[in-house]
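Worksheet: one structure, shown below.
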Amino acid sequence: MNKKAISLLSGGLDSVLSTKVIMEQGIDVIALHFTSPFSSKREKERGLQAVRAVSELGIGLILKHKGPEFIDVVRSPRYGYGKNINPCIDCRIFMLHKTREIMEEEQASFVVTGEVLGQRPMSQRRDTIRIIEKASGLEGLIVRPLSAMHFSPSIPEQEGILDRDKLLDFSGRSRTPQFRLAEKYNLTEFGSPGGGCLLTDPIFTKKLKDLFEYDKAFTMKDLELLSIGRHFRLRADTKLIVGRNEAENDKLISLWSAHAYISFYPIGFSGPVAILKGAFDDDIINTTANIMGYYGKNESPVISIESNNGTVNRHVVEKRSIMPEELLAGTQQEAS
Ligand code: SF4
Numbered sequence: 317m318n319k320k321a322i323s324l325l326s327g328g329l330d331s332v333l334s335t336k337v338i339m340e341q342g343i344d345v346i347a348l349h350f351t352s353p354f355s356s357k358r359e360k361e362r363g364l365q366a367v368r369a370v371s372e373l374g375i376g377l378i379l380k381h382k383g384p385e386f387i388d389v390v391r392s393p394r395y396g397y398g399k400n401i402n403p404c405i406d407c408r409i410f411m412l413h414k415t416r417e418i419m420e421e422e423q424a425s426f427v428v429t430g431e432v433l434g435q436r437p438m439s440q441r442r443d444t445i446r447i448i449e450k451a452s453g454l455e456g457l458i459v460r461p462l463s464a465m466h467f468s469p470s471i472p473e474q475e476g477i478l479d480r481d482k483l484l485d486f487s488g489r490s491r492t493p494q495f496r497l498a499e500k501y502n503l504t505e506f507g508s509p510g511g512g513c514l515l516t517d518p519i520f521t522k523k524l525k526d527l528f529e530y531d532k533a534f535t536m537k538d539l540e541l542l543s544i545g546r547h548f549r550l551r552a553d554t555k556l557i558v559g560r561n562e563a564e565n566d567k568l569i570s571l572w573s574a575h576a577y578i579s580f581y582p583i584g585f586s587g588p589v590a591i592l593k594g595a596f597d598d599d600i601i602n603t604t605a606n607i608m609g610y611y612g613k614n615e616s617p618v619i620s621i622e623s624n625n626g627t628v629n630r631h632v633v634e635k636r637s638i639m640p641e642e643l644l645a646g647t648q649q650e651a652s
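Read in the working numbering, the sequence shown has 380 at position 64, and its numbers run on one by one without any break.
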């Protein structure tokens, strides 16, 4: 066993502090930050924070995307979901599996995490921590510097690579000890605590379940689109996404690709852009025009249609000033 470790660094306070505590013992630490198709806005900010944190700590950073493999974990987690569609236990196991691979590549001997016993309801309970460690294949090789005294000594502690007496005994939800420690180390680059990924968001959960149910061959781009616009399941094989503001309209245009989606633009009025995936006919076009007209406050909207064969058509619908009730009632899903 050598004095080299991989530290899982989210960019949040606990992970930054854990990294620092281990560095203080003369360990060569490389930070590892995971990104995912389900990263929330706050998590993306934390990613930037991770970059700033490693610069403050003076260590290297490996960025790793969880990739399409993680979708299978979300679809059918062995240990089930939390309150929404968040498979936190399986997610932690997945990340640790990946970490183990990187540990081998980097010839590091152990892994550091920012876990604090009892801080999160699902993944940071003693029993789940044990399950996660066992399933990851890293038994004895995970060091939790902030909560180490609540666990049996890890292998690096047993082998004298780490001095157990210099590890900590934090537990529970209070962050006061962590803030004190950050002050002691004069650390300023860390993200605000709390918050999960988009899988913990009930609205996102609704949209993801819809995607799993109706689109068996969805792409990573379809996943990315779940965070943008208003979503309408018009039929089993047809979904419409409507921008809520100019930034979302631009994003929809940038994500549009001819082979996968049909796009709709308002003509002569200031309204949303929409993109559609699936089958479409005159009924669908009329409904789409009405929805765009509803949000663009235009009772007789004219729209242009860019279909997958590259042709551009115009379509005028009959005047309708209100949104179809059935859409408001059942199929609309606001983006998170
Ligand atoms: S909140 Fe999301 S990223 Fe965090 S452990 Fe749970 S599933 Fe994984």
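Beta carbons are placed, not taken as given, at the ideal position from N, Cα and C, and that holds for glycine.
Predicted model only: the values in this text are computed from it and were never measured.
Glycine 511, DSSP secondary structure in three states: coil
Between the beta-carbon of cysteine 404 and the beta-carbon of glycine 398, is there less than 7 Å? yes
Lysine 593 beta carbon less than 7 Å from that of isoleucine 477: no
Between the stretch 341-352 and the stretch 366-382, can you find at least three pairs of beta-carbon atoms closer than 8 Å? yes
May I have all residues whose beta carbon comes closer than 6 Å to any heavy atom of the ligand SF4, sorted in chain order? Asn402, Pro403, Cys404, Cys407, Arg408, Ser439, Gly512, Cys513, Leu515, Thr516
With a CB to CB cut of under 7 Å and the five nearest residues on each side skipped, what residues in its chain are close to glutamate 449? Glu455, Ile458
Out of Gly328, Ala321, Leu324, Ile322, which one is the CA nearest neighbour of glycine 511? Gly328
Can you tell which of Glu540, Lys482, Glu564, Asp531 has the C-alpha that lies nearest to the C-alpha of arginine 549? Asp531
Could you tell me which uninterrupted beta strand (DSSP E) segments, each at least 3 residues in length, are contained entirely in the stretch 377-446, listed from first to last along the chain? 426-428
CA-to-CA distance, arginine 391 to isoleucine 569, given in whole angstroms: 29 Å
Between glycine 488 and glutamine 440, how many whole angstroms is the CB-CB distance? I'm expecting something under 8 Å. Not really, about 10 Å apart at Cβ, beyond 8 Å.
Taking C-alpha atoms, which residue in Phe580, Asn606, Asp598, Ile343 lies nearest to isoleucine 375? Ile343
Comparing C-alpha positions only, which one of Ser620, Ala595, Asn602 sits nearest to serine 579? Ser620
Three-way DSSP call (helix, strand, coil) for isoleucine 338 in this model: helix
Separation of aspartate 481 from phenylalanine 426, as counted between CA atoms: 18 Å
Just curious, the alpha helix (DSSP H) that threonine 504 is in, first and last residue? Neither: threonine 504 is in no alpha helix (DSSP H) and is coded neither H nor E.
Taking the Cβ atom as the reference point for each residue, do valine 432 and phenylalanine 486 lie within a distance shorter than 7 Å? yes
Terminal residues of the continuous alpha helix (DSSP H) containing leucine 364? 357-373
Quick one: Cα of leucine 333 to Cα of alanine 498, how far? 7 Å
Residue ranges of each beta strand (DSSP E) within the stretch 558-629, 3 or longer: 578-583, 590-594, 618-622
DSSP on lysine 320, reduced to helix/strand/coil? strand
Integer Cβ distance of isoleucine 322 from alanine 424, believed to fall under 8 Å: 5 Å
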